[in-house]
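Peer 1: Structure below; questions to follow.
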Amino acid sequence: PLGMKASWESLVNFKDLEATKRTETISRNAQWFEDHSPVDKHFKKEQVKGVSAKVITTAILAGDLYPPTAIGINLPNSNWIRSQHGSKSVTLGNITDAYNKAAHGNGFMEEFVYSDAEKELINTYSDLVGELHTDLHECLGHGSGKLLPGIDPDTLKAYGATIEEARADLFGLYYIADDKLVELGLVPDKDAYKAEYYTYLMNGLMTQLVRIEPGNSIEEAHMRNRQLIARWVYEQGKADKVVEMIRKNEKTYVVINDYQKMRTLLGELLAEIQRIKSTGDYEAARRLIETYAVKVDPELHAEVLLRYKKLNLAPYKGFVNPVYELVTDEKGKIIDVKVTYNEGYAEQMMRYSRDYSTLPSLN
Numbered sequence: 179p180l181g182m183k184a185s186w187e188s189l190v191n192f193k194d195l196e197a198t199k200r201t202e203t204i205s206r207n208a209q210w211f212e213d214h215s216p217v218d219k220h221f222k223k224e225q226v227k228g229v230s231a232k233v234i235t236t237a238i239l240a241g242d243l244y245p246p247t248a249i250g251i252n253l254p255n256s257n258w259i260r261s262q263h264g265s266k267s268v269t270l271g272n273i274t275d276a277y278n279k280a281a282h283g284n285g286f287m288e289e290f291v292y293s294d295a296e297k298e299l300i301n302t303y304s305d306l307v308g309e310l311h312t313d314l315h316e317c318l319g320h321g322s323g324k325l326l327p328g329i330d331p332d333t334l335k336a337y338g339a340t341i342e343e344a345r346a347d348l349f350g351l352y353y354i355a356d357d358k359l360v361e362l363g364l365v366p367d368k369d370a371y372k373a374e375y376y377t378y379l380m381n382g383l384m385t386q387l388v389r390i391e392p393g394n395s396i397e398e399a400h401m402r403n404r405q406l407i408a409r410w411v412y413e414q415g416k417a418d419k420v421v422e423m424i425r426k427n428e429k430t431y432v433v434i435n436d437y438q439k440m441r442t443l444l445g446e447l448l449a450e451i452q453r454i455k456s457t458g459d460y461e462a463a464r465r466l467i468e469t470y471a472v473k474v475d476p477e478l479h480a481e482v483l484l485r486y487k488k489l490n491l492a493p494y495k496g497f498v499n500p501v502y503e504l505v506t507d508e509k510g511k512i513i514d515v516k517v518t519y520n521e522g523y524a525e526q527m528m529r530y531s532r533d534y535s536t537l538p539s540l541n
């Protein structure tokens, strides 16, 4: 009668102790990042509370996390709980690692990256800074800033999700270029961030369009967020040629001419996005998203689809769960778990249907 529906997601995991040291370092310094952000002081948290973070290895995916899955989880969604009690962030380490490994040697970089200089940056730093941006997004970005008193967290309505994802992404992008990360030992040098800036803009301006059917607009919040940031930076920096879309050999490429100026622009957009969130400025959110995040250039879209088709790659990736088998001794005591990868997706679905379609009424 209410016209409502629900979904669920779940996973089985164990903690990645070594990788968690990275997120714990970020969380310990959460107040420093909040204090030094380019956001107006009226919209900053005076005291960052209860930011906890860890990296996990996923063993089983289920529900809305299967077969395609998130790479990070941040809870709770409620703003008042965040402000009073803090937040918890989880990075799915083996998932991001799998994505990274799948991206090497598939021809994608050779097709869309402009020159050897950018390719060298990506090969050297991309895996590291990609994971670090996810950590900053989940651990700090979603937990940063505050709503002004009396502001309804649902004021931005349909634009709220895109604004929130943009806020978290911008926080991560701004700080991944900060010397503080070198000081904390999270990145090896001051050039590492350039790999994330390039791949983020290339994705937001071009390559994520492979997920959109010809003639359609962008609807999904994360994709809108990425185009919003990339397109806004491109347009705002156009006079100074901070970022250019260059034609070479009848193909379009993204070129970043001034990485530091790009960071300044990202900081300006972060400040505006946080202002919109903090004050509940619906009209500004609508104008920003409808101007930069929704529409697709049909000619560029057609070109990207054609180039991508030649690579014979899937625009989305999913995961099949491993099969676990208990190993016992002669007394029936569990001594090991055997892990095998002997099923495709169809075979796994058939097994799940056979073994779990009729569950007992009592456990």
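Counting from 1 along the sequence shown, just add 178 to a position and that's the residue number in the working numbering.
For every residue, glycine included, the Cβ atom is placed at its ideal position computed from N, Cα and C.
Report the rounded CA-to-CA distance for residue 481 versus residue 390, giving the unit in angstroms.
Peer 2: 13 Å
Peer 1: Give me the Cβ distance between residue 449 and residue 218, rounded to the nearest whole Å; I'm assuming they're in contact under 8 Å.
Peer 2: 6 Å
Peer 1: Short of 7 Å in beta carbon distance, which residues of its chain neighbour residue 441, apart from the five on each side in sequence? Order them along the chain.
Peer 2: 352 and 355
Peer 1: Compare the C-alpha of residue 435 against each of 446, 428, 427 and 423 and name the closest.
Peer 2: Comparing Cα-Cα distances from residue 435 to each of 446, 428, 427 and 423, the minimum goes to 423.
Peer 1: To the nearest angstrom, report how far apart residue 416 and residue 443 are at their CA atoms.
Peer 2: 11 Å
Peer 1: So if DSSP puts residue 422 in a beta bridge, which residue, or which two residues, is it bridged to?
Peer 2: 433
Peer 1: Do you know how far the Cα of residue 230 is from the Cα of residue 266?
Peer 2: Rounded to whole angstroms, the separation of the alpha carbons of residue 230 and residue 266 is 5 Å.
Peer 1: In this structure, how does DSSP classify residue 530 when only helix, strand and coil are distinguished?
Peer 2: helix
Peer 1: Rounded to the nearest angstrom, what separates residue 493 and residue 244 at their Cα positions?
Peer 2: Approximately 16 Å between the Cα atoms of the pair.
Peer 1: Assign residue 512 to one of two classes, buried (16 or more other C-beta atoms within 10 Å of its C-beta) or exposed (fewer than that).
Peer 2: exposed
Peer 1: From which residue to which residue does the alpha helix (DSSP H) around residue 407 run?
Peer 2: 399–414
Peer 1: State the DSSP-derived secondary structure class of residue 394, mapped to helix, strand or coil.
Peer 2: In the three-state DSSP reduction, residue 394 falls in the coil class, being neither helix nor strand.
Peer 1: So for residue 514, helix, strand or coil by DSSP?
Peer 2: strand
Peer 1: Does DSSP classify residue 494 as helix, strand or coil?
Peer 2: coil
Peer 1: Tell me the DSSP bridge mates of residue 501?
Peer 2: 518
Peer 1: For residue 515, count neighbouring C-beta atoms within 10 Å of its own C-beta (all shown protein chains included) and say buried if the count is 16 or more, exposed if not.
Peer 2: exposed
Peer 1: Which residues mark the beginning and the end of the beta strand (DSSP E) in which residue 482 is found?
Peer 2: Unbroken run through residue 482 is the alpha helix (DSSP H), 476–487; no beta strand (DSSP E).
Peer 1: What does DSSP give as the partner residues of residue 251 in its beta bridges?
Peer 2: 268
Peer 1: In terms of DSSP beta bridges, what is residue 240 paired with?
Peer 2: 188
Peer 1: Please list the terminal residues of the continuous alpha helix (DSSP H) segment that includes residue 417.
Peer 2: Run containing residue 417: none; DSSP gives neither H nor E here.
Peer 1: Could you check where the alpha helix (DSSP H) with residue 386 kicks off and where it finishes?
Peer 2: Careful: residue 386 lies outside any alpha helix (DSSP H) and carries neither H nor E.
Peer 1: For residue 503, which residues of its own chain have a beta-carbon under 6 Å away from its beta-carbon, when the five flanking residues on both sides are left out?
Peer 2: 516
Peer 1: Determine the contact status of residue 431 and residue 292, defining contact as a CB-CB distance below 9 Å.
Peer 2: yes
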